[in-house]
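Undergrad:
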Amino acid sequence: MPHLFYRPHMTDGVVRQGFDLRLEKDARMFTEWRDEGEYPGCIGPSVSFDAEGKVVVAGKAVASVPIGQWSRIEIEAALGKMAPRTFTLVVTGPDGKKQTFPDLPFVGKEFRELHWLGFSSVAAADCVFYVDNLKVKRAVK
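Numbering-wise, this note's numbering comes out as the position in the sequence shown, counting from 1, plus 51.
1) Under three-state DSSP, which class holds residue 125?
2) What does the alpha-carbon distance come out to for the pair residue 156 and residue 177?
3) Do you know whose CA, among 140, 164, 174, lies nearest residue 98's CA?
4) In the DSSP assignment, find the beta strand (DSSP E) that holds residue 68 and state where it starts and stops.
5) List the endpoints of the continuous beta strand (DSSP E) containing residue 150.
6) If you reduce the DSSP assignment to three classes, tell me which class residue 104 lands in.
7) By Cβ distance below 6 Å, which residues in the same chain neighbour residue 181 in space, the five residues on each side in sequence not counted?
8) DSSP has residue 130 in a bridge; who is on the other side?
9) Out of 187, 122, 152, which has the shortest C-alpha to C-alpha gap to residue 111?
10) Assign residue 164 to one of two classes, buried (16 or more other C-beta atoms within 10 Å of its C-beta) or exposed (fewer than that).
11) So, at 7 Å on beta carbons, what are the nonlocal neighbours of residue 77 in its own chain, with the 5 sequence-adjacent residues on each side left out?
12) How would you call residue 133, buried or exposed, if buried means at least 16 neighbouring beta carbons within 10 angstroms?
13) Just list the residues that DSSP pairs residue 83 with in beta bridges.
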């Protein structure tokens, strides 16, 4: 279960995660936000990428990215007790075409703060994916 995570410890405001992603053959991975509560109630935004390049949120394919090419992924959500329980996903393909998916549901019912942001492979066999140009910051509205 190879994974990489960061502990940003952000508790309020609107946060944006952006990164470039390149999936290679048979890669399967996800990125998600978590707070410090019990798993899986602690999970906020969660986006998976399957071996065909499908982008999956809450069990539903919302977009796709090409295998072997770079795409840009952006996730934005408000934090805090009174914040909406949804996030926005923007997928930009190598051709520059943007697809925006607002009001996607959080996985966990208890997520409120960003204390863990991770990338994890879920493939059963050896595979490769690349993440570059990662930024996690407060969104300026």
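Backbone N, C-alpha and C fix where the C-beta goes; we use that ideal spot for every residue, glycine too. Just so you know, these numbers come straight off a predicted model, no measurement behind them.
TA: Straight from the coordinates:
1) strand
2) 31 Å
3) 140
4) 64-74
5) 149-156
6) coil
7) 73
8) 64
9) 152
10) buried
11) 102, 174, 176, 178
12) exposed
13) 97, 169
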